Amino acid sequence: DPGSLAVFDTAAVHINATTKVSAIESILQERTTAAVQALFDVVFALPVEATDNNGVLAKLPKPTSKLPRALPVPSSDQLTTRWEKFAKEKGIMKKKKQRRVFDEESGKYKVRYGYDEKKDKDAVPEDWLIEVKNSRAPSKDAYTQRNADKRERVAKNKSQQRRNQLENPRSGLTPKEARAAHLKAQLKDARTSTASIGRFDKTVKGEDQVKFKRAKRKFDDVTGSADSERDKLRKVVGGVNK
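Residues 1 to 242 in full-length UniProt numbering are what the sequence shown lists, from first letter to last.
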């Protein structure tokens, strides 16, 4: 399978109880050498492409081997949030606004929001007049009531956001954080899938080194109990007697 840079030798190795270990190792080495040589013969026959940084590269075909997955393929429901499901049902499409807009007064393009943004000097504030509904007492200040209603809406939105994060199967993260974590995990799996587990691979500038968790060595206490010391000595003596 040149697409996966893998070679498989399914022929059986005929050995018996009298075959020496050195003979088995030589047989496996010969078979492996022949298989790898066959793979490289196919790779060197593939079309090549010249690059500036990495020299000449071979164009690999699509892999043909179906490798097993460590985990099942996540379903579409596991990768969607409550809002994404609602937007899909209602047909809501995300539209990206242009960052710059044309300012007719200056005749230049200015940013929509931020420093030197486009502003209409003659524009009347939208809240210069607030309608007082019949269900609301006229003695209350409409502006104060509007601010209180806004605080209630913000608190409600935050509680709903926390609920959605708890319902989200992606570790309670926001959609953006979950996608970033998913890509980071995929990148780590790809980097540690090489023969050296990423130890001797070339790293991109600004990329972190692959960290490996090593098992900590456990040492016995210097001042142990007499019973434990006696049991250890008995095990040593028992092994010597055998």
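Positions of the beta carbon are idealized from the N, C-alpha and C atoms, including for glycine. As the structure is a computational prediction, the values presented were derived from the model and not from experiment.
Exercise. So, helix, strand or coil for R151, using DSSP?
Worked result: By one-based count along the sequence shown, residue 151 stands at place 151. Here R151 sits in helix by DSSP.
Exercise. Given that a residue counts as buried once 16 or more other Cβ atoms are within 10 Å of its Cβ, and exposed if not, what is P2?
Worked result: If you number the sequence shown from 1, residue 2 lands on position 2. That one is buried.
Exercise. Under 7 Å, do V13 and L39 count as touching if we go by C-beta distance?
Worked result: Numbered from its first residue, the sequence shown carries residue 13 at position 13. Numbered from its first residue, the sequence shown carries residue 39 at position 39. Taking the C-beta atoms as reference points, L39 is found no nearer than 7 Å to V13.
For this session: Using the Cα positions of E89 and T80, report the straight-line distance between them to the nearest angstrom.
Result: Here residue 89 refers to the residue found at position 89 when the sequence shown is read from its first residue. Here residue 80 refers to the residue found at position 80 when the sequence shown is read from its first residue. Approximately 12 Å between the Cα atoms of the pair.
Exercise. Candidates M93, P74 and S228: which alpha carbon is nearest W83's?
Worked result: What you label residue 83 is simply residue 83 of the sequence shown in a count that begins at 1. Of the listed residues, the one whose Cα sits closest to W83 is M93.
Exercise. Grouping DSSP H, G and I as helix and E and B as strand, with all else coil, what is D103?
Worked result: Residue numbering aside, residue 103 sits at position 103 when the sequence shown is read from its first letter. Three-state result, D103: strand.
For this session: Out of I197, R217, L187 and S196, point me to the one whose CA is closest to E207's CA.
Result: For this step, residue 207 is matched to residue 207 along the sequence shown. E207 has its Cα closest to that of L187, out of I197, R217, L187 and S196.
For this session: Kindly indicate the opening and closing residues of the alpha helix (DSSP H) around A23.
Result: For this step, residue 23 is matched to residue 23 along the sequence shown. That run of the alpha helix (DSSP H) goes V21 to F44.
Exercise. Which stretch, first to last residue, makes up the alpha helix (DSSP H) that contains E84?
Worked result: Walking along the sequence shown from the start, residue 84 turns up at place 84. From DSSP, the alpha helix (DSSP H) with E84 extends over R82 to K90.
Exercise. Quick one, which of A50, E30 and W128 has its alpha-carbon nearest D9's?
Worked result: Position 9 of the sequence shown holds residue 9. Selection A50, E30 and W128 evaluated against D9 yields E30 as nearest (Cα-Cα).
For this session: Return the chain-ordered list of same chain residues with a C-beta closer than 6 Å to the C-beta of L28, the five sequence neighbours on each side being excluded.
Result: Numbered from 1 along the sequence shown, position 28 holds the residue referred to as residue 28. Non-local beta-carbon contacts of L28 in its own chain, meaning distances under 6 Å to residues more than five positions away in sequence, are absent.
Exercise. When the Cα atoms are used, what is the spatial distance from E177 to K184?
Worked result: Taking the sequence shown and counting its residues from 1, one reaches residue 177 at position 177. Taking the sequence shown and counting its residues from 1, one reaches residue 184 at position 184. Straight-line spacing of the CA atoms in E177 and K184 works out to 10 Å.
Exercise. Do the CB positions of F102 and Y113 come within less than 7 Å of each other?
Worked result: As a working note, residue 102 is residue 102 in the sequence shown. As a working note, residue 113 is residue 113 in the sequence shown. The answer is no: Cβ separation not under 7 Å.
Exercise. Just how far apart, CA to CA, sit P68 and D189?
Worked result: Locating residue 68 in the sequence shown gives position 68, where the first residue counts as 1. Locating residue 189 in the sequence shown gives position 189, where the first residue counts as 1. When rounded, the distance between both Cα atoms is 14 Å.
For this session: Find the nearest neighbour of residue 288 within the set K59, R153 and F44, judged by alpha-carbon distance.
Result: The shown model of the chain, from 1 to 242, leaves out residue 288, and the question about it has no answer.
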